[in-house]
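Take 1417 as the starting number for the sequence shown in my numbering and just add one per residue.
Using N, Cα and C, we set each Cβ at its ideal position, and we do this for glycine too.
Note that the structure is predicted; figures quoted are calculated from it, not measured.
Take a look at the structure set out below.
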Amino acid sequence: MPASNWSLHSQLKKDTIDIGDLPLCKVLVIKDAHYPWLLLVPRRDGAVEIIDLDEVEQAQLMTEITRVSRALKEVTKCDKLNVAALGNLVPQLHVHIIARRTSDAAWPRPVWGVMPPLAHDAEEVQNFISALRRKIWLG
1417 MPASNWSLHS
1427 QLKKDTIDIG
1437 DLPLCKVLVI
1447 KDAHYPWLLL
1457 VPRRDGAVEI
1467 IDLDEVEQAQ
1477 LMTEITRVSR
1487 ALKEVTKCDK
1497 LNVAALGNLV
1507 PQLHVHIIAR
1517 RTSDAAWPRP
1527 VWGVMPPLAH
1537 DAEEVQNFIS
1547 ALRRKIWLG
């Protein structure tokens, strides 16, 4: 599955802010200020499930999940990380990494559908993205 034919699903484009590329994945921030919420999307055409990646790509995905999770935890000082690859609404393979706090609106439930998305403050989200980019080594 070459990356050359790959493009980001239209719903993911609509719902996210692109913050950069790791060797395998595009790193995105979900447009919802309720939660520090990132997506990793492997740039592999036709990938729907993790098993659609070859074993080397699967290992690279795990490395990138670990790198981004550590950075998100350090930047947010969260109580818990939620990491999931569901894809029930958007079939393109993507991994959610969500920093959770015991005080957040959905705790302890999953974040989906609890609150309508809240727009980010422009300055706050840029500060968040800058901190993440430094920690993830995106620049």
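Any idea what DSSP makes of Asn1421, helix, strand or coil?
In the sequence shown, residue 1421 corresponds to position 5, counting from 1. In this structure, Asn1421 counts as helix in the three-state DSSP scheme.
Output the distance between the C-alpha atoms of Val1499 and Leu1454, rounded to the nearest integer angstrom.
For the purposes of this step, residue 1499 is identified with residue 83 of the sequence shown, where counting begins at 1. For the purposes of this step, residue 1454 is identified with residue 38 of the sequence shown, where counting begins at 1. Each residue's alpha carbon lies about 10 Å from the other.
What residue range is occupied by the uninterrupted beta strand (DSSP E) comprising Ile1514?
Taking the sequence shown and counting its residues from 1, the one referred to as residue 1514 is at position 98. Val1511 to Arg1516 is the span of the beta strand (DSSP E), which, as asked, contains Ile1514.
Using only the alpha-carbon positions, how far apart do Gly1436 and His1536 sit?
As a position in the sequence shown, residue 1436 is number 20, starting the count at 1. As a position in the sequence shown, residue 1536 is number 120, starting the count at 1. Cα to Cα, Gly1436 sits roughly 18 Å from His1536.
Quick one: is the Cβ of Leu1424 within less than 7 Å of any heavy atom of the ligand SAH?
The ligand SAH is absent from the structure shown, which contains no ligand whatsoever.
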